[in-house]
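Here is the structure we will look at, set down as structure tokens.
Number of protein chains: 2
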Amino acid sequence: MKIKLLLSLLLLFTTALANAQDSLAIRKIYDEALVNGKCYENLHYLCKNIGPRLSGSANAQKAVEWGKKLMESYGFDHVFLQEVMVPHWVRGEKEQAKIIDGTKEIAVPICALGMSVATPKEGITANVIEVHSLQELKTLGKDVIKGKIVFFNRPFDPRFIETGMAYGTAGDQRFLGPGEAAKYGAVGVIVRSLTEIIDDYPHTGATVYGDIKIPAAAISTKGANLLSSMLKMRKMPLIKFYFKQSCKQLPDALSYNVIAELKGSENPNKFITVGGHLDSWDLAEGANDDGTGVMQSLEVLRILKTLNYHPKNSIRAVFFMNEENGEKGGIKYAELAAKNKEEHIAAIETDEGGFTPRGFGFTGLSASALKKINKEWKPLLEPYEADRLIAGGGGSDIEPLVSAAPSVVIIGYLPDSQRYFDLHHTAKDVFENVNKRELELGSAAMASLVYLIDQHGF
Amino acid sequence: MKIKLLLSLLLLFTTALANAQDSLAIRKIYDEALVNGKCYENLHYLCKNIGPRLSGSANAQKAVEWGKKLMESYGFDHVFLQEVMVPHWVRGEKEQAKIIDGTKEIAVPICALGMSVATPKEGITANVIEVHSLQELKTLGKDVIKGKIVFFNRPFDPRFIETGMAYGTAGDQRFLGPGEAAKYGAVGVIVRSLTEIIDDYPHTGATVYGDIKIPAAAISTKGANLLSSMLKMRKMPLIKFYFKQSCKQLPDALSYNVIAELKGSENPNKFITVGGHLDSWDLAEGANDDGTGVMQSLEVLRILKTLNYHPKNSIRAVFFMNEENGEKGGIKYAELAAKNKEEHIAAIETDEGGFTPRGFGFTGLSASALKKINKEWKPLLEPYEADRLIAGGGGSDIEPLVSAAPSVVIIGYLPDSQRYFDLHHTAKDVFENVNKRELELGSAAMASLVYLIDQHGF
């Protein structure tokens with residue numbers, strides 16, 4: 003009995019000590035991020051000296067080379083590339099669109115959806131049918147849709163607190179709408195931009211066709227509201243829509259994931275990965291999508307190295323290639339992980355913007371393990387207000403890892419979500435819309451979580 | 003024993019029912035705020051059709067009249083003004099400043115601190131002494147300081163997670179620095195702008211003199227860094243500073259708090275107040291400071307009325323006058339509360355910007371009551387991510403209430419703090435830097451808290 007008590011006390015003491023050490027380590031991580039942070043200036047370089055970097059583009063290659071050099075400059079244990087073949091889609095000339103009301107024409111802002119085909123050189127002019135769901139296509143049927151431009155106009159639902167949920171539930175219009183409309187004989191598709199904000203910026207993003215490919219573009223929310231109200235005011239045959247785009251698919255190109263590693267001192271073949279995607283849409287600088295993510299991931303490693311932290315497990319920062327229109331980089335990373343028999347403990351993805359951290363979402367963690375980290379880790383993150391540790395979440399670059407390493411815990415970094423879809427995939431996604439402290443707090447939150455996972459596992 | 007069990011079950015059932023009702027009520031509040039919200043368009047009007055509205059100005063009077071009319075248009079039970087005399091300070095012509103390095107002159111951005119006196123017409127030119135604290139003045143003494151311009155240059159400490167803490171700890175330089183430096187014979191004071199961001203915008207804000215008044219201005223952080231580095235590079239006598247400002251204090255003016263009320267059905271003389279301040283600095287539109295606060299406060303009442311909620315206690319939205327340079331409105335509100343024997347249960351202040359809600363800080367709540375609301379209310383607010391219910395907090399407009407109603411609970415609304423001091427008291431505090439959803443979520447969070455207090459008390 004006495005020995006049991008002694009052991010209990012010893013355990014209590016050891017726990018308290020570990021807790022104090024963790025608390026101190028996390029404070030040091032935050033101080034380094036907030037006082038000597040490098041991710042904001044690195045992001046500035048990526049946005050201003052490289053800029054848009056869609057897969058297969060010359061800029062994407064520049065970003066790969068610069069990213070590798072930058073990693074090498076920090077003196078990590080290992081910096082390397084993973085070859086990956088990626089789609090190479092180009093937008094071509096600036097798109098044109100107008101609503102035609104008899105002899106009156108009103109120009110509206112559109113942009114081709116990523117992976118869309120071009121219109122004929124002279125553009126497409128056709129009657130428009132407004133729909134609000136894929137189901138509605140079925141209800142209307144071929145007779146009504148054939149020969150028309152289908153206009154998907156279901157808006158974001160503002161009642162979701164997390165805007166990602168609104169994106170998720172409105173997104174099928176962009177992802178699947180063009181492929182589905184084509185089945186019913188549509189000649190083109192116009193999709194309301196996936197955002198709640200009402201403005202003149204069209205939001206691009208990938209679409210996925212079935213067998214038939216028809217030209218597809220996003221229209222700004224102001225343009226969508228105008229088109230919708232004109233369709234309501236006037237009988238349909240009077241209103242036509244014209245659009246022209248010259249985008250095309252070039253042959254697949256060789257590109258790379260860019261990876262930096264701190265070697266694990268105890269378990270070099272066990273990995274904790276933190277990553278974002280290096281490629282970005284072509285309309286702006288890919289600042290919040292996902293320049294912030296790659297620069298934060300690198301910063302996690304830089305912070306740990308600067309603090310002279312020797313991890314038990316190997317820790318990697320990964321700049322994934324081709325998240326936006328193919329996810330080939332994430333798939334390749336998982337493929338090589340399986341081939342090389344790497345044991346992956348956890349992977350964190352940061353691809354929801356560089357906004358103030360709120361916490362993390364976990365997939366592949368048992369309910370009891372989630373409860374445990376909420377008991378033990380949440381109080382450590384609470385002073386930094388990054389302590390929402392919830393079930394669910396991940397990211398498209400790290401999800402393929404699950405098949406390679408079924409026990410891996412997939413973690414989505416959760417920043418504040420309110421501003422992301424104001425900027426997402428538009429010409430507004432520029433460096434000026436990133437806040438330095440918000441960005442830095444995010445890298446510190448992720449470095450803290452990586453530290454806790456490395457120290458304690460799940 | 004059986005009856006006890008029955009009573010326990012009944013209590014459990016009643017609690018669960020109350021909980022379900024609360025949960026539903028809060029969901030309705032959020033839906034109304036996010037789907038039919040009016041505070042963003044109201045804020046637009048205040049910023050663009052009225053604009054800067056420093057106490058005593060014609061714009062402040064316009065804001066009072068418009069605010070009252072707006073309240074009346076919503077059909078609340080009672081809308082009224084409270085007379086209050088306020089200081090009337092005017093900036094005068096645009097300030098000028100330069101660093102003089104021998105024959106070289108470099109213009110730097112400054113603005114007079116609120117309530118500062120003017121320089122002589124020809125400006126002030128003097129040697130500069132850089133200091134980092136009020137204590138340093140004492141150490142240097144009169145011999146060193148006399149005849150010089152004191153340059154307070156202690157930067158924000160980036161290690162604070164909440165930026166308000168950095169403001170609090172750097173703020174004495176602006177609040178007290180000029181008055182203190184005057185005691186040692188300084189001829190003028192230049193204060194590093196109270197922000198972490200490095201840019202060209204000077205941040206104004208009130209200073210409080212002692213007996214001797216000397217001209218005092220804020221310099222942009224870029225200007226401060228330049229001045230500091232030039233002082234380090236060159237021997238001091240070579241570097242002089244010139245500045246000119248023509249601000250002045252006019253006679254006190256009559257102004258008003260603007261108040262809307264929903265009458266309590268059970269306790270009409272018990273009050274829950276939610277408020278922000280209507281006055282704003284003169285350099286911009288006072289969008290985040292504190293247009294967002296007044297428009298959110300009004301929105302709280304509008305939401306409750308629209309949902310046909312009949313409060314037990316009287317609920318007030320208060321547009322306080324003169325928070326920025328005198329706090330006369332808050333003092334008057336407390337004075338009249340005492341005079342009219344009003345019983346104040348709680349007062350919420352929203353004056354930290356219209357950013358995403360994180361929660362609330364409570365002063366005047368016992369530890370057990372705080373624990374209780376963390377047990378009962380936190381889970382209700384958690385789905386809305388506005389669930390940090392912490393000790394401490396309030397606001398300068400509601401703090402005077404404590405002397406009038408010692409049992410009042412003083413509550414500070416806590417939005418995300420990262421961007422506030424980028425804009426605070428500068429020409430950048432404009433409507434465009436407010437996000438619609440962030441603003442709306444704040445009004446919903448406050449309406450929810452008002453509802454919970456009204457239903458359950460503390």
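Keeping their order, the protein sequence lines are chains A and B.
Convert by adding 2 to the 1-based position in the first sequence; the result is the number in this note's numbering.
Convert by adding 2 to the 1-based position in the second sequence; the result is the number in this note's numbering.
Ideal Cβ positions, reconstructed from N, Cα and C, are used throughout, including at glycine.
Residues are counted here when their Cβ sits less than 9 Å from a Cβ of chain A; for the segment 40 to 64 of chain B the count is zero. Beta-bridge partners assigned by DSSP to Val133(B): Phe154(B). No Cβ of chain B is located within less than 8 Å of the beta carbon of Asn155(A). Each residue's CA atom was taken as its position, placing Ile455(B) and Phe357(B) some 23 Å apart.
Assignment of Cys113(A) by DSSP, reduced to helix, strand and coil, places it in the strand class. The criterion of a C-beta distance shorter than 8 Å is not satisfied by Ile317(A) and Pro402(A). The segment 105 to 120 of chain B makes contact with the segment 215 to 223 of chain B; the number of CB pairs closer than 8 Å reaches 3 or more. Residue contact check for Ile163(A) against chain B: a CB pair falls below 8 Å. Asp418, Gln420, Arg421 and Asp424: these are the residues of the segment 411 to 426 of chain B whose beta carbon lies less than 8 Å from some beta carbon of chain A, given in chain order.
In this structure the segment 60 to 72 of chain B touches the segment 258 to 268 of chain B; the number of beta carbon pairs closer than 8 Å is three or more. Per DSSP, reduced to three states, the secondary structure at Gln420(A) is coil, with no helix or strand assignment. Rounded to the nearest whole angstrom, the C-alpha separation of Val210(A) and Gln247(A) is 18 Å. Contact between Asp281(A) and Leu56(A) holds, since their C-beta atoms are separated by about 6 Å, short of 8 Å. Within chain B, the residues placing a beta-carbon under 8 Å from that of Leu36(A) are Pro160 and Arg161, ordered along the chain.
Between Thr141(A) and His427(A), the beta carbon gap of about 29 Å keeps them out of contact (Cβ cut-off 8 Å). Comparing C-alpha distances from Met297(B) to each of Gly277(B), His312(B) and Glu287(B) shows the shortest one belongs to Gly277(B). Per DSSP, the unbroken alpha helix (DSSP H) holding Met448(B) starts and ends at Lys438 to His458.
Within the segment 430 to 452 of chain A, the residues whose Cβ lies closer than 9 Å to any Cβ of chain B are, in chain order, Asn437, Lys438, Arg439, Glu440, Glu442 and Leu443.
Annotated three-state conformation of Leu139(A) is helix, per DSSP. Within chain B, the C-beta atoms nearer than 8 Å to that of Tyr386(A) come from Ile163, in chain order. Bridge pairing for Gly277(B): Val320(B) and Glu351(B) [DSSP]. Where Ala65(A) is concerned, the enclosing alpha helix (DSSP H) starts and stops at Ala60 to Ser75. Around the beta-carbon of Arg236(A), fewer than 16 other beta-carbon atoms lie within 10 Å, marking it exposed. Separation of the CB atoms of Thr294(A) and Leu441(A) is rounded to 6 Å, and the pair is thereby assigned contact status at 8 Å.
In this model, Ile31(A) and Leu443(A) are separated by some 10 Å (Cα to Cα). With respect to chain A, the C-beta atom of Arg304(B) has no partner C-beta closer than 8 Å.
Contacts between Arg360(A) and chain B, judged by CB atoms closer than 7 Å, involve Glu387 in chain order. Interface criterion met: the Cβ of Asp33(B) is under 8 Å from a Cβ in chain A. A Cβ of chain A is located within less than 8 Å of the beta carbon of Glu198(B). Glu85(A) is bridged by DSSP to Tyr258(A). Beta-bridge analysis with DSSP links Ile241(B) to Asp103(B). Partner residues in the beta bridge of Asn315(A), as assigned by DSSP, are Asn269(A). Residue pairing from DSSP places Val191(A) in a beta bridge opposite Val152(A) and Ala218(A).
Residue Thr352(B) holds the alpha-carbon nearest to the alpha-carbon of Asp399(B) among Thr352(B), Glu387(B) and Ala393(B). Between the segment 402 to 421 of chain B and the segment 374 to 383 of chain B, the count of C-beta pairs closer than 8 Å stays below three; the two stretches do not touch.
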